[in-house]
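Read through the structure below, which is laid out as structure tokens, and then see the notes.
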Amino acid sequence: MAESPKLPASYAYQDEPEPDSHFTLPATSYPPEHPQPDEANSAGDTNGSGLVSPRVQPADEPQPQPDSFSLPATAPPPPSHTPHHPPPPSSSSSSHLPPGLSYNPALHPPKREGLPVPDHLPGDLVIQVDPEKHWTLRRHLGDLCGIGGTARFPGSQPVSFDYDSLALLEKEDFWVCEKSDGVRVLVMIVATGFGQEVYLIDRKDQIYQVYWLTFPHQDGPEYNHSNTVLDGEFVIDVDPHTGAHIPRLLLFDLLVLDSENLMSRPLLKRYGRLQQFVVEPYKKHQKTLPPDVIAQQPFEVVCKKQELSYGIEAVFRDHVPSLMHGSDGLIFTSAEAPYTPGTDPKILKWKPPSENSIDFILQLKFPAIPDVPTEPDFCAKPVFMLLMNHGHEGNHFFDTMEVDDATWEEWKASGEQYDDRVVEVVWDKTRETWKFLRFRDDKFEGNYKSVVYSIIKSIQHGVEAEQLVAHAGRIRKAWKARAAAKAPPPPPPRAQHDPSHQHHAPHPHGHSNGSHLAPPPVQGAGGYGLKR
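First residue of the sequence shown? That's 162 in my numbering, and the numbers climb one at a time after it.
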């Protein structure tokens, strides 16, 4: 095995700014000059900290460090792949591989630069138009998915892939696809007295109503689906020839079909129905529509392409290079497990160890004005604090993020709010710090603490693309062995009969008693366009 990456033995809380010298400024912008007195100087000091503005609070005391959070210092962590820190040359990548494996450029296709990531969903935000309808739809979605109420997004969430995941791929049947760089959504289709309505639900539980879309029933275009819930990813494809932006919804799962909850069934069954009963009727109906109607539609709907888990190389070699949207890894999904709302250990998110990222809440802490220690210096560069999600206990300080001066000046000039936003970061081994990757405005919360530790484990004990492909043969062998064990036994040898006894009673299904019936096909994904 390759040498494990190294992160600091622990995150030193003494690096957190002292409360009497740094100030937080939640939910505001950062003026290019010192704030006016009425912005940062209210009457009275209500907290005994020497601060006088209700909008400026002293830094929180460091939270106790979890006993379980200790990172071995055995090897350097992977490099950052941020826009400001490009990945190392290909020739150096082989140093991360275990003995016997060499860098394979075919597994690292060049990424098209500048591919957009949707910053919003199409349609009308229902809560702004009709708040009562918003809550009614959320309750209806929870009821359809069997979780009740309106408490949480019912979509499943993956866990990070690490070296131990290879054994799981050998043990069970999984499918694999590329991990699209888009916005995760559920699609809810309902019928009203006025026809069919289609809604998108994001991970913030915001609901958007989209128009000009119809999902006909498989029994004919005169019928429509209703009470149906789909899972997918909204992306912006960019035509490589014309540069045109093409919104697409990539569907990969079916939770509920016409009020029938399918979540307890395996992915093999759910995906088959998604293709046959939802996407195919949609595609046929699209061919009957005039161009002016299609032009009004908010996006095109397609089924996301899947491979059997040992088809990893095909995803790297064939799928990813042909994509018209960004992709940042692979998703392995159990073909046998039910659909599980929330974190699902049977869905594995693989990224190169150097690209594993974590989402935190960002908080800025400004130093005091040198001559006025009770006032924050908004012109100075702040400390960029990363707060980790502790669930009901709130967000606690985890570490700091490094932002270069040029980036900070860009942020300050933009006038945007940066406090309390979710930020995605990667680890930079060279500077031994977390580096900014992007803001995640599609999320309200950062990763929960257990997810953070899981991702850190993936950085420490991650699997490179070459290791995945090298392991594919073992995954395939185990898959075939399971398929053979599930196959029906061969028919018994044909009995030797007296030649004079040639007449037998007809078989009730039209076969003679001595005929050989073809065994049923092996249960798998071959019927859904997946190759064995």
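Even glycine gets a Cβ: it sits at the ideal position worked out from N, Cα and C.
In this structure, what does DSSP give as the bridge partners for residue i?
i: threonine 389; result: Ile350
i: aspartate 380; result: Per DSSP, none; premise fails for aspartate 380.
i: asparagine 517; result: Paired residue(s): none; asparagine 517 is not in a bridge.
i: asparagine 556; result: Asn550
i: glycine 503; result: Ser317
i: glutamate 333; result: Its beta-bridge partners do not exist; DSSP assigns none.
i: methionine 562; result: Phe545, Trp595
i: serine 470; result: Note: serine 470 sits in no beta bridge, so no partner.
i: proline 408; result: Ile397
i: serine 488; result: Ser341
i: valine 630; result: Bridge partners of valine 630: none, in fact.
i: tryptophan 511; result: Leu491
So, helix, strand or coil for residue i, using DSSP?
i: proline 482; result: helix
i: alanine 737; result: This structure cannot speak to residue 737, because the chain is shown only from 162 to 693.
i: alanine 624; result: Per the sequence shown, residue 624 should be read as valine rather than alanine. In the structure shown, valine 624 sits in coil (DSSP, three-state: anything other than H, G, I, E or B).
i: lysine 596; result: strand
i: glycine 309; result: coil
i: serine 126; result: Outside the modelled stretch of the chain, which goes from 162 to 693, sits residue 126, for which no answer is possible.
i: aspartate 602; result: coil
i: serine 326; result: helix
i: phenylalanine 545; result: strand
i: histidine 281; result: coil
i: phenylalanine 539; result: coil
i: threonine 494; result: strand
i: histidine 446; result: helix
i: proline 266; result: helix
i: glutamate 293; result: helix
i: tryptophan 640; result: helix
i: proline 534; result: strand
i: aspartate 366; result: coil
i: leucine 523; result: strand
i: glutamine 357; result: strand
i: lysine 590; result: coil
i: phenylalanine 460; result: coil
i: glutamate 570; result: helix
Report the residue from the options whose alpha carbon sits nearest the alpha carbon of residue i.
i: serine 417; options: His553, Gly310, Pro315; result: Reading the sequence as shown, one finds valine at residue 417 and not serine. Ranking His553, Gly310, Pro315 by Cα distance to valine 417 puts Pro315 first.
i: asparagine 556; options: Asp304, Val613, Leu598, Gly393; result: Val613
i: isoleucine 473; options: Pro654, His386, Glu516, Glu625; result: Glu625
i: tyrosine 471; options: Phe335, Pro650, Arg313; result: Phe335
i: glutamate 339; options: Gln357, Asp325, Arg364, Ala475; result: Ala475
i: serine 518; options: Tyr372, Trp595, Phe355; result: Trp595
i: tyrosine 372; options: Ser619, Tyr579, Leu286; result: Leu286
i: leucine 347; options: Asn385, Val320, Leu282, Phe558; result: Leu282
i: proline 442; options: Leu262, Cys464, Phe460; result: Cys464
i: arginine 426; options: Asp414, Val462, Gln437, His386; result: Asp414
i: isoleucine 288; options: Arg299, Val630, Pro279; result: Arg299
i: leucine 262; options: Ala631, Phe355, Met549; result: Ala631
i: glutamine 467; options: Gln437, Ile492, Ser615, Pro502; result: Ile492
i: histidine 622; options: Asp323, Leu305, Arg313, Pro266; result: Asp323
i: tryptophan 511; options: Leu327, His301, Phe559; result: Leu327
i: leucine 428; options: Val454, Asp392, Ser387; result: Asp392
i: alanine 541; options: Met549, Met485, Lys573, Pro650; result: Lys573
i: alanine 644; options: Ser483, Glu497, Asn265; result: Glu497
Between residue i and residue j, what straight-line distance do the alpha-carbon atoms span, to the nearest angstrom?
i: isoleucine 522; j: glutamate 593; result: 20 Å
i: phenylalanine 230; j: glycine 552; result: Summary for phenylalanine 230: the model assigns pLDDT 30, below 50, so the residue's position carries little reliability; its value from the coordinates is reported in the next sentence. C-alpha separation (whole angstroms): 17 Å.
i: isoleucine 407; j: phenylalanine 395; result: 11 Å
i: phenylalanine 539; j: phenylalanine 527; result: 6 Å
i: glutamine 367; j: threonine 449; result: 32 Å
i: phenylalanine 597; j: aspartate 581; result: 15 Å
i: proline 653; j: lysine 647; result: 18 Å
i: serine 241; j: glutamine 628; result: A caution first: serine 241 carries a pLDDT of 34, below 50, which makes its placement in the model unreliable, though a value can still be read off. Going from the Cα of serine 241 to the Cα of glutamine 628 covers about 20 Å.
i: aspartate 479; j: threonine 561; result: 39 Å
i: leucine 411; j: lysine 604; result: 20 Å
i: glutamate 585; j: proline 382; result: 44 Å
i: aspartate 566; j: valine 481; result: 35 Å
i: glutamine 379; j: methionine 546; result: 52 Å
i: leucine 212; j: glutamate 536; result: Low per-residue confidence applies at leucine 212: pLDDT is 20, beneath 50, and the placement is therefore not dependable, though the value from the model is reported in the following sentence. Distance between the alpha carbons of leucine 212 and glutamate 536 is about 7 Å.
i: glycine 343; j: leucine 361; result: 14 Å
i: serine 488; j: glutamate 421; result: 33 Å
i: tyrosine 369; j: aspartate 363; result: 9 Å
i: valine 462; j: serine 341; result: 15 Å
i: isoleucine 616; j: proline 514; result: 9 Å
i: threonine 375; j: arginine 409; result: 15 Å
i: asparagine 385; j: proline 377; result: 4 Å
i: alanine 639; j: leucine 329; result: 11 Å
i: isoleucine 530; j: tryptophan 588; result: 31 Å
i: glutamine 447; j: glutamate 571; result: 44 Å
i: tryptophan 569; j: aspartate 280; result: 21 Å
i: glycine 576; j: lysine 590; result: 31 Å
Please check if any C-beta of chain E sits within less than 8 Å of the C-beta of residue i.
i: phenylalanine 605; result: Of the chains in the structure shown, none is chain E; there is only one protein chain.
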